[in-house]
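**Q**
In our numbering, the protein residues as written are 26 to 128.
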C-alpha cells in the first residue's frame, strides 16, 4: 500500500485580509512542523479563477506510520486550529502518492 508513499493534500481559501500573517505562519511554523514529523512539502498550487479553493498544498511521506503519527498528534490539531485563523473551508485527505498533480 505504501509502495510509493503517501500524499497529504490540504485545500482551503486564504482570507485576503490576513494574507501576510498566513504566509508567515505557513513558512515559519506549519511547513517546518510537518517536516519535523517526517513529511516533505511536494507542491503548492494557487487557483486564480473559478470555484475551486484558492490553495492546494501537498506533503509526502514514505510510509503509513509517519502519516498516522502526524494525524494522531496534538501538533496536527494545534497547527490546523491556528491555520483556520487565516483560511476558510479547510479540508484534507490522504491519498497514495503517484507523482505529479493529484486531487
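Where a beta carbon is used, it is the ideal one built from N, C-alpha and C, also for glycine.
May I have the straight-line CA-CA distance separating residue 80 from residue 67, to the nearest angstrom?
**A** Computed Cα separation, rounded: 14 Å.
**Q** Comparing C-alpha positions only, which one of 88, 87 and 78 sits nearest to residue 40?
**A** Per the Cα distances, 78.
**Q** Mapping DSSP to helix, strand and coil, what is residue 47?
**A** Note: residue 47 maps to helix in three-state DSSP.
**Q** Would you call the CB atoms of residue 47 and residue 119 closer than 8 Å?
**A** No.
**Q** So, for residue 72: in the same chain, excluding its five sequence neighbours on each side, which residues have a beta-carbon less than 8 Å away from its beta-carbon?
**A** Correct list, in chain order: 78, 79, 80 and 81.
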